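Note sheet for the following structure.
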Amino acid sequence: MLIGVAAGISMYWLQEYAYYEPAQFVPSQEILLTPIESGLPEPILVQTIQGIDSASVPMKFRACFSTPMTLAMLTETYVAYKGAVPLTAPSWFDCFDANAIGEALEEGTALAFLSQSQIAPQIDRVVAVFPDGRAFAWHQISPDTANAYTGSAPAAAPETPAQTPDKVE
1371 MLIGVAAGIS
1381 MYWLQEYAYY
1391 EPAQFVPSQE
1401 ILLTPIESGL
1411 PEPILVQTIQ
1421 GIDSASVPMK
1431 FRACFSTPMT
1441 LAMLTETYVA
1451 YKGAVPLTAP
1461 SWFDCFDANA
1471 IGEALEEGTA
1481 LAFLSQSQIA
1491 PQIDRVVAVF
1501 PDGRAFAWHQ
1511 ISPDTANAYT
1521 GSAPAAAPET
1531 PAQTPDKVE
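If you want our numbering, it's the 1-based position in the sequence shown plus 1370.
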């Protein structure tokens, strides 16, 4: 019984605390978004940012920040991200509520933008922005990659007419 309890505590600690570290941001380049015109990520205005990351797993990145940029300006300038699904953060990183962010994206009260495509192989960085300037960033599997692994068999090649020898008369 003691071994089971110890294993459970260890598993919890590994999921919630292990490998996480404060995210390192470059001043004035903390968060990038991809413009519609150039397709090359560029920094946006960011205030009060905090984040977590992991050197071992790219999917552990989460960030909470605010921006003075309006949704109207963002939608006219930057690439929208379809299929944004925030991943849950550890309970101690309480500024990032994946459920609330996901609901706001579904309802259209927050909008998602492409920060950087392929930030790691098959992983995109996504940013969700609320009308009041609150914003959140995370990594998720690229929709192109996710669609490639649906588990369905590839479409069959079109059938070709059977090759029959010419009749000899």
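A virtual CB, placed ideally from N, CA and C, is assigned to each residue, including glycine.
As the structure is a computational prediction, the values presented were derived from the model and not from experiment.
For residue i, the three-state DSSP class (helix, strand or coil)
{"i": "A1474", "result": "helix"}
{"i": "L1457", "result": "coil"}
{"i": "A1433", "result": "strand"}
Residue i to residue j span [Cα, whole Å]
{"i": "S1398", "j": "P1413", "result": "7 Å"}
{"i": "T1418", "j": "E1473", "result": "23 Å"}
{"i": "F1431", "j": "G1378", "result": "25 Å"}
{"i": "D1467", "j": "P1438", "result": "21 Å"}
{"i": "F1463", "j": "Y1448", "result": "28 Å"}
{"i": "Q1394", "j": "E1477", "result": "32 Å"}
Bridge partners - residue i, DSSP secondary structure assignment
{"i": "D1494", "result": "Q1510"}
{"i": "Y1448", "result": "P1405"}
{"i": "F1500", "result": "In the DSSP output, where bridge partners are listed per residue, F1500 has none listed."}
{"i": "L1484", "result": "V1496"}
{"i": "A1505", "result": "F1435, V1499"}
Worksheet item: Which ranges does the beta strand (DSSP E) cover as unbroken runs of at least 3 residues, wholly within the segment 1381–1425, from first to last along the chain?
Response: 1417–1423
Practice prompt. Could you tell me whether the segment 1423–1442 touches the segment 1501–1516, using the rule of 3 or more Cβ pairs below 8 Å?
Written response: yes
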